[in-house]
Amino acid sequence: MSVSARKLEFACPLCGSGEVFYSCTPGCCFNHVCGNCGATFEPETHPIGGVLKGVIPPDPLPEASDPTAACARCDSTAVYMTGTNTIVCASCGTILGIEMTEVHGG
Ligand SMILES: [Zn+2]
Ligand SMILES: [Zn+2]
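Just so you know, the working numbering puts 14 at position 6 of the sequence shown, and the rest follows in order with no gaps.
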């Protein structure tokens, strides 16, 4: 069985806005900026138990400024969401939880 995923989405931890942009590159850091209040933060994932096999990445793939997180298990940035808002790594199938770290107000 396969599961189609959609782009990863998360909200600003300070104001709750969904206008969140990835401002760096995966080789550097995961700094994001909020388009509403200017806060910066980095998403961090952790396995919450369970593996989902056959995850199909979104089409089209997210753009460079779309919210991005790295898989806690395999470091892949192919981290997406399923229709039920489960966050999953399309590379290794690990089901992930996400939290915001390094939060700084704008
Ligand atoms: Zn904000
Ligand atoms: Zn992974």
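Just so it is clear, CB atoms sit at the ideal spot from N, CA and C, and this is done for glycine as well.
For residue i, the first and last residue of its enclosing beta strand (DSSP E)
i: L104; result: 102-112
i: M89; result: 87-89
i: C97; result: 95-97
Buried/exposed call for residue i, threshold 16 Cβ in 10 Å
i: A116; result: Since the displayed the chain opens at 9 and closes at 114, residue 116 lies outside it and no answer follows.
i: T109; result: exposed
i: T33; result: exposed
i: C97; result: buried
i: A72; result: exposed
i: I56; result: exposed
Anticipated Cβ contact below 8 Å, residue i with residue j, distance rounded
i: C45; j: G114; result: 5 Å
i: A19; j: V11; result: The pair is not a contact, with the Cβ atoms about 23 Å apart (cut-off 8 Å).
Exercise for the section: Can you check the stretch 27-83 for any beta strand (DSSP E) of at least 3 residues that lies completely inside it and give the ranges in chain order? Expected result: 28-30, 40-42, 48-59
Practice task
Give a yes or no on contact between the stretch 61-73 and the stretch 18-26, applying the rule of three or more CB pairs nearer than 8 Å.
Solution key: no
Handout entry: Inter-stretch contact at 8 Å, needing at least 3 Cβ pairs: the stretch 31-43 / the stretch 68-83
Key = yes
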